[in-house]
DNA sequence: TGGTCTGTAACAAATATAGTTACAGTTGGC
DNA sequence: GCCAACTGTAACTATATTTGTTACAGACCA
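Chains as they are written, first to last, in the numbering used here: chain A, 2 to 170; chain B, 2 to 170.
Structure representation (structure tokens):
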């Protein structure tokens, strides 16, 4: 479905900043960890800044850091900052309005897809950046996090989630 | 996120067949309602047939119809038949393995994304094709459907879900 | 046997995302 | 003030994915 890795990259970026604590990170540094171009990172940082998740400073000695504590940033905040559309789309071209099904299916589907979106948002709202950091380094403190919730994940997809298309070739 | 309308089209196609009752529909007829090419429909019907949701017959007087009653087909069945991947993807290229965050973020994200996928599947499993048909024509019987559930959908997305990109221009 | 279908291959078009180059503007240190 | 090191952003290319189209082999019924 989704051909976009924007959410994954955004979580990665913000996790780096949570990890770096208050130290501002340069787009080059972040790009190196994400393994992409620094401009891609800067574009994303602009979106994250618009949603007040990071603050950036231009000029020498500049860089970006979190706008608030990791426990105050949910994955839903991140999702909404970088993904514009819901998880499914409707028809590319509108269905035939002369067909009794075609004329009405759109609104029925809209309701269904809104339900799906809400379910996704509920899951993401229940996890914070702090939880992600805690799972990254379980030895570190952060005892009052909700990271246990993450452990309770369901079954695996049949189709393995690959980290890269290059792996497929 | 999703650039694919496959799920929406698949629900539309199967709704037409539920509407047509036992009458087999030709791919041309279906294509006319969906407003697309008949080959696109036939491709999708092949996938739906592989998942045992429809049966098709070749030759003159041929066509496709549901393989079982609409109340025995959930939206999850349809989703799994036509959408191969989960709702989010990971990085296009693997992150830097020399970075403590980069090397571990993939597995943390996988857990999160599995949770999201499960939530989506739970929603879709709770609605059947019969429910969709009921919502399409509220005057018709089908009193024992779960269609009331659909009404309880959450808030609307900020970005309206458009039926067509052409509307944007 | 001919007309009407499906199944499928091969390709073109449209769309979206990611990556790249280039450069204006901001900032801090000297 | 000037230089070096940053961000912000435009313009473009590359890549991937989905959708649409044409063409045709094979199935089936009358």
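For glycine and all other residues, C-beta sits at the position ideal for the given N, C-alpha and C.
So that I know if they touch, is there some Cβ in chain A lying closer than 8 Å to that of residue i?
i	result
residue 5/B	yes
residue 100/B	yes
residue 26/B	no
residue 60/B	no
residue 137/B	yes
residue 63/B	no
residue 37/B	yes
residue 41/B	no
residue 11/B	no
residue 67/B	no
residue 91/B	yes
Do residue j and residue i come within 8 Å of each other at the CB atom, strictly closer than that value?
i	j	result
residue 89/B	residue 114/B	yes
residue 70/B	residue 57/B	no
residue 75/B	residue 125/B	yes
residue 15/A	residue 79/A	yes
residue 48/B	residue 131/B	no
residue 52/B	residue 30/B	no
residue 96/A	residue 107/A	yes
residue 91/B	residue 9/A	yes
Hey, residue i and residue j are a contact pair by Cβ (cut 8 Å); roughly how many whole angstroms apart?
i	j	result
residue 133/A	residue 109/B	6 Å
residue 93/A	residue 6/B	5 Å
Using CA coordinates, which residue listed in the options is at the minimum distance from residue i?
i	options	result
residue 103/A	13/B, 8/B and 7/B	13/B
residue 50/A	60/A, 41/A and 65/A	65/A
residue 62/A	84/A, 25/A and 128/A	25/A
residue 129/A	10/A, 44/A, 77/A and 39/A	77/A
residue 20/B	127/A, 19/A and 101/A	101/A
residue 83/A	28/A, 41/A and 99/A	41/A
residue 60/A	28/A, 127/A and 44/A	28/A
Quick one: is residue i near chain B, going by C-beta distance under 8 Å?
i	result
residue 44/A	no
residue 15/A	no
residue 124/A	yes
residue 95/A	yes
residue 157/A	Residue confidence for residue 157/A is low, a pLDDT of 27 falling below 50, so the modelled location carries little weight; the figure read from the coordinates is stated next. Yes - at least one Cβ of chain B is within 8 Å of the one on residue 157/A.
residue 171/A	Nothing in the structure corresponds to residue 171/A, since chain A is present only between 2 and 170.
residue 110/A	yes
residue 79/A	no
residue 76/A	yes
residue 53/A	no
residue 50/A	no
residue 72/A	no
residue 23/A	no
residue 121/A	yes
residue 116/A	yes
residue 57/A	no
Is residue i near the ligand ATP, judged by its Cβ being under 7 Å from some heavy atom?
i	result
residue 119/A	The ligand ATP is not part of this structure, which contains no ligands at all.
Note to self: Taking contact to mean 3 or more Cβ pairs, one atom from each stretch, closer than 8 Å, check whether the stretch 27-36 of chain B and the stretch 116-131 of chain A are in contact.
What the structure shows: no
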